[in-house]
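Below: one structure, written as structure tokens.
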Amino acid sequence: MTRRKAKDCAYRSSGRAVGLRYALLGTVLLGLGLPAAAFAQVPAAISSPATVSLSIASQALDTALTAFADQAGLKLLFASQDVSGLRTQGLSGRFAPGDALGRLLAGTGLGYRFTDARTVTLVKAPTGTANGAMALPPVQVQGQASAADAQDPRGPGVGYVATRSETGTKSDTPLIEIPQAISTVTRQQMDDQNAQSVRDALRYTSGVVPERNGLNGDAYEQLYGRGFVMEEYLDGLRLPNNAYNILAVDPYDLARVEVLHGPASVLYGQANPGGTVNLVSKLPTDTPQHEVFLQGGSPGQVSGGFDLSGPVDPDGQLLYRL
């Protein structure tokens, strides 16, 4: 009686004895100066076998799956209603866990998916699959360009943001791909600021000193950037200026104002290293628009204007803007 009890205790503590042996082995390896990785690889090889020995009789699928999970050392997740009333032929021998699970699920209409090395989830397999393999339906991805991506580089922009420009490269290029520093004042920003001049429009642009000459701006519109006078261009062409005769453009005629900062101004030829200002004119629109305004202010300011645009012919092949 005493021997039998001692034998049972030995069986129950076998796992503890194995762990104790590995601990002793690790202590010996460390005492010999061997790296800890040499000890860590021993249990890793045992805990993740390429194949497992299975013996599962023909039975209800839910109990067979429970037996499979216990024998393979896996965590198996499934919904009870998915396996209700199903049976499996069972299997016996050594198998890779995935192959064994595929055999158990053959003909059941179920598939499996490994969420990690030790966790498996059962899913309903589409029609026409076999051995647990899943044929996923085709995935169609459709994209639509947003209004910001479809901007015209010479248009008024969307809100306060412009995403494309011709000023930095003289071609239609996304601003994010232009290595130079470019600031854009959109039509919406000019309207909200009620800009009365290009100087007003550039009042909040970094690196630009637009009102150095005070109120004398209508006849002497000098813009400074990084300590240098900035030349103005209209649609990429330099505006005439000499000494005290500088042309001022009404911002109402413009779709946007763009500043190319720094010595990148050499893109336009002989220019000061502070940068250049490119004024972009309004372009004809393919949808009719008609605007007339009258404005008053102080001291004694009265102004008015109109903006007419749209197609000339019924087919929209010719456009105008006045």
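Count along the sequence shown from 1, add 816, and you get the number used in the working numbering.
Just so you know, even glycine gets a beta-carbon here, dropped at the ideal spot from N, CA and C.
Checklist entry - Across which residues does DSSP place residue 872 in a beta bridge pair? => result Within the DSSP secondary-structure output, residue 872 pairs in a beta bridge with 907.
Item to check | Bounding residues of the alpha helix (DSSP H) (the contiguous stretch that carries residue 1126) | outcome: No alpha helix (DSSP H) contains residue 1126, which is instead part of the beta strand (DSSP E) from 1117-1127.
Next on the checklist: Measuring alpha carbon to alpha carbon, tell me which residue in 1121, 1115, 1101, 1106 is nearest residue 1133.
Outcome noted: 1101
Checklist entry - Taking just the CA atoms, how far does residue 929 sit from residue 969? => result 49 Å
Checklist entry - If you draw a straight line from the alpha carbon of residue 889 to that of residue 921, how long is it in whole angstroms? => result 18 Å
Checklist entry - Can we say the segment 1122-1129 touches the segment 1087-1103, given the rule of at least three CB pairs closer than 8 Å? => result Short answer: they touch.
Item to check | Range of the contiguous beta strand (DSSP E) that encloses residue 893 | outcome: 891-893
Item to check | Cβ neighbour criterion (16 or more within 10 Å) applied to residue 1107 | outcome: Label assigned to residue 1107: exposed.
Checklist entry - If we call anything under 8 Å between Cβ atoms a contact, is residue 999 one with residue 1022? => result yes
Checklist entry - Sorted by chain position, which residues of the same chain lie with C-beta nearer than 7 Å to residue 907's C-beta, five sequence neighbours on each side aside? => result Cβ contact annotation for residue 907 (same chain, cutoff 7 Å, sequence separation greater than five): 870, 872, 916, 919, 920, in chain order.
Next on the checklist: Using the Cβ count rule (16 or more neighbours within 10 Å means buried), how would you classify residue 1049?
Outcome noted: buried
Checklist entry - Roughly how many angstroms separate the alpha carbons of residue 1051 and residue 1095, rounded to a whole number? => result 6 Å
Item to check | Spatially closest choice to residue 899 from 923, 914, 886, 1083, by CA coordinates | outcome: 923
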